[in-house]
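Here's the structure we're looking at; comments come further down.
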Amino acid sequence: MQNDITFYQRFKSDILVGLKVITIRDRSESHFKVGDKLRVGTFETDEYFCTIKIISVTPITLEQLTEEHAKQENMTLSDLKKVISDIYPNENHFFVIHFSLL
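Going by full-length UniProt numbering, the residue at position 21 of the sequence shown is 21; the numbering climbs one at a time, nothing skipped.
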């Protein structure tokens with residue numbers, strides 16, 4: 001069965017223990033809807049590791065990211081902005097996808 005969304009392997013343990021409850025994605029991954037149940041795999045190997053349920057999908061810019069977003073990502077705000085900028089260079093408009101582990 002194919003996975004619906006992937007995360008870098010380094011985020012797997014934080015997701016599984018409920019420390020990471022949001023993901024910030026660009027427009028290409030903004031199509032998820034509230035209530036969707038998604039199979040989650042690792043980006044590196046696409047190995048399935050859990051299922052999540054979408055709670056909300058909210059547009060945001062890099063400048064609008066707050067300490068609360070960083071906390072939901074289980075990192076500091078400066079680290080979060082750096083990670084987002086590294087993954088999506090030259091992009092400023094994103095979507096915060098809030099999820100819960102099923």
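Yeah, the Cβ is synthetic: ideal placement off N, Cα and C, and Gly gets one too. Owing to the predicted nature of the structure, the values given are computational and were not obtained by experimental measurement.
In this structure I15 is in contact with C50, their Cβ atoms being roughly 7 Å apart against a cut-off of 8 Å. By the Cβ neighbour-count rule, T45 is exposed, with fewer than 16 other Cβ atoms within 10 Å of its own.
In this structure, the beta-carbon distance from L38 to I60 does not fall below 8 Å.
In this structure, T42 lies away from Q2, with their beta-carbon atoms at least 8 Å apart.
Put simply, the segment 53–73 touches the segment 12–28. At least three CB pairs are less than 8 Å apart.
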